[in-house]
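Visitor: Numbering that gives the first Met the number 0 numbers the first residue of the sequence shown as 0 and each following residue consecutively.
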Amino acid sequence: MPAKVDMDKIVSLCKRRGFIFPSSEIYGGLASCWDYGPVGVELKRNVKEAWWKAIVQDRDDVVGLDTSIMMHPGIWAASGHIDNFTDPLVECKSCHLRWRADAVEGKKCPNCGGELTEPRMFNLMFKTFMGPVEEEASMVYLRPETAQGIFVNFENVVTTSRKKLPLGIAQIGKSFRNEITPGNFIFRTREFEHMELEYFVKPGTDEKWLDYWVKERFDWYVKLGIRKENLRLRQHGKDELAHYARDCYDIEYLFPMGWSELEGIANRGDFDLTQHAKHSGKELSYYDAEAGEKYVPYVIEPSAGVDRSVLAFLVDAYDEEEIEGEKRTVLHLHRSLAPIKVAVLPLSRNEKLTPLAKEVFNKLCPNFVTDYDDSQSIGRRYRRQDEIGTPFCVTIDFESLEDKQVTIRERDSLAQIRVPIGELKKVIEAKLKGEAFDASTLWATRQK
Ligand code: GAP
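(1) Excluding five sequence neighbours on each side, which residues of the same chain lie with their C-beta closer than 6 Å to the C-beta of H333?
(2) Please report the straight-line C-alpha distance between E386 and R226, rounded to a whole angstrom.
(3) List the DSSP bridge partners of F391.
(4) In whole angstroms, what separates the C-alpha of E215 from that of N366?
(5) According to the Cβ coordinates, are I179 and R307 closer than 8 Å?
(6) Can you tell me the Cα-Cα spacing of V103 and H235, whole angstroms?
(7) With burial defined as no fewer than 16 other Cβ atoms inside 10 Å of the residue's Cβ, what is the status of C94: buried or exposed?
(8) Leaving out the 5 sequence neighbours to the left and right, which residues in its chain are closer than 6 Å to C13 when beta-carbon positions are compared?
(9) Using the C-alpha atoms, what's the distance from A429 back to R445?
(10) Can you give me the C-alpha to C-alpha distance between A128 and H71, rounded to a whole angstrom?
(11) Does D269 pass the burial test, meaning 16 or more other C-beta atoms within 10 Å, or should it be called exposed?
(12) What is the rounded straight-line gap between the Cα of K424 and the Cα of Q147?
(13) Would you kindly work out how many angstroms separate the C-alpha atoms of D210 and E260, rounded to a whole number?
(14) Going by Cα to Cα distance, which pick from F186, D238, D246 and R44 is closest to V213?
(15) With the cut-off set at 8 Å, would you say L346 and L330 are in Cβ contact?
(16) Report whether the distance from the Cβ of S302 to the nearest heavy atom of ligand 1 is below 7 Å.
(17) Where are the alpha helix (DSSP H) runs, 4 residues long or more, that stay fully inside the region 244 to 319, in chain order?
(18) Checking the sheet assignment: what are the DSSP bridge partners for V139?
(19) Under the three-state reduction of DSSP, which class applies to D57: helix, strand or coil?
(20) On the premise that V405 lies in contact with S399, defined as a C-beta separation below 8 Å, what is that separation, rounded to the nearest angstrom?
(21) At a cut-off of 7 Å, is R178 close to ligand 1 when judged by its beta-carbon and the heavy atoms of the ligand?
(22) What is the DSSP secondary structure of Q449, counted as helix, strand or coil?
(23) Can you pull the DSSP bridge partners for V329?
(24) Relative to the alpha-carbon of K326, which residue among R383, S23 and I299 has its alpha-carbon at the smallest distance?
(25) Where does L431 fall in DSSP's three states?
(26) So, under 8 Å CB-CB, V368 and I339 are touching, yes? Tell me the CB distance rounded to an integer number of Å.
(27) Just to confirm, does K268 get its C-beta within under 7 Å of one of the non-hydrogen atoms of ligand 1?
(28) Tell me, which residues are paired with I19 by DSSP?
(29) Who are the Cβ neighbours of V10 in its own chain at under 7 Å, not counting the five residues just before and after it?
(30) Find the nearest neighbour of K281 within the set L431, C111 and D271, judged by alpha-carbon distance.
(31) With a threshold of 7 Å (Cβ to nearest heavy atom), would G263 be considered close to ligand 1?
(32) Answer yes or no: do L64 and I168 have a C-beta to C-beta separation smaller than 8 Å?
(33) Alpha carbon to alpha carbon, how far is R380 from Q274?
(34) Return the CA-CA distance between A265 and C32, expressed in angstroms with no decimal places.
(35) Report the three-state DSSP secondary structure of F184 (helix, strand or coil).
(36) Does the Cβ of A146 lie closer than 7 Å to at least one heavy atom of ligand 1?
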């Protein structure tokens with residue numbers, strides 16, 4: 000079953016409406032790098048906030064962390080990234096393009112037909128230099144995952160948070176991978192954001208916690224509006240497990256190019272803490288006072304990509320509908336993810352309407368991300384708000400000048416209710432929380 004929208008439509012909507020632009024566009028762009036525009040940055044922030052709320056704020060067994068992107072190079076030797084984070088590549092002897100060995104059939108370059116070299120291992124970590132001298136000693140890597148910043152702070156967090164196991168440490172931040180085959184818009188890029196949780200547990204309870212987190216994470220996407228039929232779970236075969244993993248499940252989403260990984264949930268066992276203890280010389284174990292024993296905790300790791308989640312939410316929300324003979328494109332984004340919560344739209348740019356419309360905007364914008372637009376016909380402005388997924392439009396018309404009431408139009412049902420300006424904040428607050436709302440008490444002029 001193919002996804003209901005192709006990627007070109009999503010890319011075009013993102014560009015047209017200010018979600019995502021190609022990076023460095025006026026210089027011709029930079030392959031696989033993207034910039035989030037005014038609407039996209041709000042959506043991305045909302046995805047991260049929803050994750051943080053579910054993983055950190057709503058729980059008493061998880062704390063947050065924000066570690067540096069550049070870390071001691073010894074960390075990547077210990078984690079196995081220097082030895083194992085590699086892909087076999089072949090290079091064309093004529094045009095010098097490189098290809099993943101398993102993506103090329105035969106011995107000829109797919110670009111120019113030239114002869115290819117034998118496969119060589121290529122490390123996916125970006126390197127840079129710290130300090131003024133470009134020498135081996137000052138070389139550092141840009142992190143390819145945020146996880147290692149968590150493992151090397153395990154001791155700091157356990158002692159300062161005074162929490163017992165099971166204990167999770169969560170982090171959101173940029174990661175960098177020199178991917179050989181980036182593509183599919185923001186699905187696979189060389190710079191992206193991770194949302195990672197390392198959940199430290201007593202060995203022997205790890206399988207139970209893996210099941211728990213697989214379910215939690217699956218449900219998170221569903222609660223935020225992704226259709227269940229567009230999600231599935233896939234357990235890794237023994238031959239595809241990462242070098243650190245004892246077990247792993249992918250949550251896959253039906254992207255426009257087909258089923259692909261959205262998030263991985265791995266049982267990393269005690270691999271990372273043991274490796275860092277060995278390489279740093281610092282013991283990284285936990286004294287379990289209740290059990291009266293010391294052990295190296297096992298780790299369950301739900302690891303999601305912010306950008307890949309943004310793409311899944313966009314694809315799943317996208318719809319083209321026909322309303323009274325006219326086509327409308329709409330993003331049915333969950334209200335907590337919608338970039339703009341309310342748009343204030345005076346019926347027209349009119350000197351009598353503007354002061355009241357501005358007054359309404361000023362009332363709403365400290366409480367919700369609010370847009371003000373009086374630029375074109377009301378129909379075109381509704382269409383723009385539908386395309387960026389704004390759940391509520393507030394229209395101010397000439398009657399509003401008399402009765403101090405405005406119309407709220409709902410994105411999905413297209414229902415309209417009229418409410419007094421004094422009640423507007425309360426009504427929108429309730430609607431954004433998803434509370435069933437009886438508007439009948441608010442009707443004044445229309446009920447007469
Ligand atoms: N710490 C474990 C880890 O990083 P991963 O499966 O390599 O595991 C986890 O990555 C998630 O990060 C993926 O499911 C995906 O959502 C996101 N991700 C990984 N590489 C990415 C890339 N090049 N571009 C965008 N997102 C990426």
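Built from N, CA and C at the ideal position, the CB exists for glycine as well.
Guide: Let me lay it out:
(1) The residues are L223 and G224.
(2) Straight across, the Cα-Cα distance linking E386 with R226 is about 19 Å.
(3) Partner(s): V341 and E409.
(4) For E215 and N366, the gap between their C-alpha atoms comes out near 30 Å.
(5) The answer is no: Cβ separation not under 8 Å.
(6) Our two residues, V103 and H235, have alpha carbons roughly 24 Å apart in a direct line.
(7) Exposed, because fewer than 16 other Cβ atoms sit within 10 Å of the Cβ of C94.
(8) Correct list, in chain order: I19.
(9) Low confidence applies here, because R445 scores a pLDDT of 42, under 50, leaving its location unreliable; read the following figure in that light. The C-alpha of R445 lies about 22 Å from the C-alpha of A429.
(10) In the sequence on display, residue 128 carries Phe and not Ala. In this structure, the CA atom of F128 is about 12 Å from the CA atom of H71.
(11) Buried: at least 16 other Cβ atoms inside 10 Å.
(12) Inter-residue distance for K424 and Q147 is about 44 Å (C-alpha atoms, whole angstroms).
(13) Rounded to the nearest whole angstrom, the CA to CA distance from D210 to E260 is 18 Å.
(14) When only C-alpha atoms are compared, the closest one is D246.
(15) A distance of 8 Å or more separates the beta carbons of L346 and L330.
(16) S302: yes, Cβ under 7 Å from ligand 1.
(17) 270 to 279 and 305 to 316, all fully within the region 244 to 319.
(18) Answer is T127.
(19) Reduced to three states, the DSSP call for D57 is coil.
(20) At roughly 5 Å, the Cβ-Cβ gap stays under 8 Å, so S399 and V405 are in contact.
(21) Reading off the sequence shown, one finds Glu at residue 178, where the question assumed Arg. At least one heavy atom of ligand 1 is nearer than 7 Å to the Cβ of E178, so yes.
(22) No statement about residue 449 is possible, as the shown extent of the chain runs from 0 to 447 and does not include it.
(23) According to DSSP, V329 bridges with D318.
(24) That would be R383, whose Cα lies nearest to the Cα of K326.
(25) Three-state DSSP puts L431 in a helix.
(26) Their Cβ separation, rounded to whole angstroms, is 5 Å, which keeps V368 and I339 in contact under 8 Å.
(27) Inspection of the sequence shows that residue 268 is occupied by Gly rather than by Lys. Checking the Cβ of G268 against ligand 1 gives no.
(28) Beta bridge pairing from DSSP links I19 with Y35.
(29) Within the same chain, V10 has close Cβ partners F184.
(30) Nearest of L431, C111 and D271 to K281, Cα basis: D271.
(31) Distances between the C-beta of G263 and the heavy atoms of ligand 1 include at least one below 7 Å.
(32) Yes, Cβ-Cβ distance for L64 and I168 is below 8 Å.
(33) When rounded, the distance between both Cα atoms is 57 Å.
(34) A265 and C32: Cα-Cα distance of roughly 28 Å.
(35) Assignment of F184 by DSSP, reduced to helix, strand and coil, places it in the coil class.
(36) It does: the Cβ of A146 is within 7 Å (strictly closer) of some heavy atom of ligand 1.
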